[in-house]
Structures are given as structure tokens and as C-alpha cells.
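Asks:
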Amino acid sequence: DQQVKQNSPSLSVQEGRISILNCDYTNSMFDYFLWYKKYPAEGPTFLISISSIKDKNEDGRFTVFLNKSAKHLSLHIVPSQPGDSAVYFCAASALNYGGSQGNLIFGKGTKLSVKP
Amino acid sequence: KAGVTQTPRYLIKTRGQQVTLSCSPISGHRSVSWYQQTPGQGLQFLFEYFSETQRNKGNFPGRFSGRQFSNSRSEMNVSTLELGDSALYLCASSLALVRDEQFFGPGTRLTVL
């Protein structure tokens, strides 16, 4: 049973517009959420995170929103650039889940294509 | 500061063989986690090591094992390889603070024929 779901396998946006990537989770024990970006032949790169005590975290062009009641988070990229084209993974963790917090539960990823 | 390094980058094995993958974390990082990435299942957690002890384990068969050395370097071993073990194996390290991100290596691409 997937605990972290990214229901859109792909997303295509025009350069300069907003990209919105969505993620849903089922486990109410999750209290820390992260977004990673992955280029082909490279490992995932950390983008931005949010703790469950917040509902928004912003870092430059990237903003993550968390709606705990809906168990939903989203990543907004504004403005989108061609270099943002990559696979984006949503991940979640829970302090003390399984005895540690070193095990991230990942969604299957959304491939973002930003067209010039 | 050097990133997470993984060796080898590519590996081809045949069914029934065993394989050992290596991961060197970022200097000062004490936690090392391993993940398997496949097209169908995405990124799945294998296990985490901290101070030479396995702290957590994912839902993988006992053929998958690992260890961590005193310098925090880690190895994972897969015995009796199956075709379905073909995947990208990613290692990630972190400071293991209460809340911190994991830094990933480039991965080892394992192909089982």
C-alpha cells in the first residue's frame, strides 16, 4: 500500500509559468516532508522541506504548501525554467517511525518538462 | 566538501551471483541509508545504518543485507541475484539530526542477466 502518492506521472508547463506538483500521503504519523529533484544518471537532490508545524515554506522560486487535514502537499515553482525539467519526488518521514527517521518514504515521482 | 560517492557506478551480474556495493558518506555524516529505484516501484527504502548499527529496515528479503564501518562507510550485499534485482541502488547520508535532509550519491546501476 503506497503511503506517499504522486498521482501525476508527468507535467508539462511553459517557461515562465507556474509549475504545481502534488503529493498525497496516508500515514498520519508523517511529520516531515521533503521534495527532491532528480536528473537522469544522478542521485536525487534535496530541494525543500516542511515540518508539520508549518503550512508553508519558501525558498526562492520554490514554495511547498502543506495541508494536514487533507494529507496533501504541493510544490510550486515560479517562474518555471527549462533547467527545472527533471523528475520530482515527494518524500515523507516520521520521527521514531520504525525507530529512526532515516527512512524516507518516497512517491513514485512526477516528470516535469518545462518548454522554452 | 566531497559528496556521497558510490562504487561501482555500473555492474552487470548473472542470476544466482552475489554483489557488493559500496558507499562513502559525506565527511561527518553518521547515518547512511540505502534505497532501490526501479521504474515500477520508484524509490524504496532498504535499510539505514547509524554508528555501525542497523536502525531500520524496509520490506526486502533477507538476500539484501548491509553493514557500516567505523568510518561510516557502508556496503550493501545482495546474494542469489534475481532478474528483478536489476535497479539503481542509491545511498544517502545525513548528519542524523532530528530534522535534516539526506544527501544522495549518484547510485550504482545493477543489471542482472
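Protein chains in written order, with this note's numbering: chain A, 2 to 117; chain B, 1252 to 1364. Note that beta-carbon positions come from the ideal geometry of N, C-alpha and C, so glycine has one too.
What are the start and end residues of the beta strand (DSSP E) that includes B/Ser-1337?
Replies: From DSSP, B/Ser-1337 is part of no beta strand (DSSP E); its letter is neither H nor E.
Asks: Considering just the uninterrupted stretch of the beta strand (DSSP E) at B/Arg-1306, what are its terminal residues?
Replies: Per DSSP, B/Arg-1306 belongs to the beta strand (DSSP E) from 1304 to 1308.
Asks: Find the residues of chain B that neighbour A/Pro-129, judging by a C-beta separation of less than 7 Å, and give them in chain order.
Replies: The structure shown does not extend to residue 129 of chain A, since chain A is modelled only from 2 to 117, so the question has no answer here.
Asks: Among the candidates B/Trp-1285, B/Met-1327 and B/Thr-1265, whose CA atom is the shortest distance from the CA of B/Glu-1333?
Replies: Checking every option, the nearest Cα to that of B/Glu-1333 belongs to B/Thr-1265.
Asks: First and last residue of the beta strand (DSSP E) that includes B/Gly-1293?
Replies: Residues 1293 to 1301.
Asks: Around the C-beta of B/Pro-1276, are 16 or more other C-beta atoms found within 10 angstroms, so that it is buried, or is it exposed?
Replies: Result: buried.
Asks: Kindly provide the ranges of any alpha helix (DSSP H) runs that are 4 or more residues long and lie completely inside the region 14 to 50 of chain A, ordered along the chain.
Replies: Counting only runs of 4 or more, we get nothing.
Asks: Go ahead and label A/Met-30 buried or exposed: buried means 16 or more other beta carbons lie within 10 angstroms of its beta carbon, across all protein chains shown.
Replies: Exposed, because fewer than 16 other Cβ atoms sit within 10 Å of the Cβ of A/Met-30.
Asks: Which partner residues of A/Asn-8 appear in the DSSP bridge assignment?
Replies: None; A/Asn-8 has no bridge partner.
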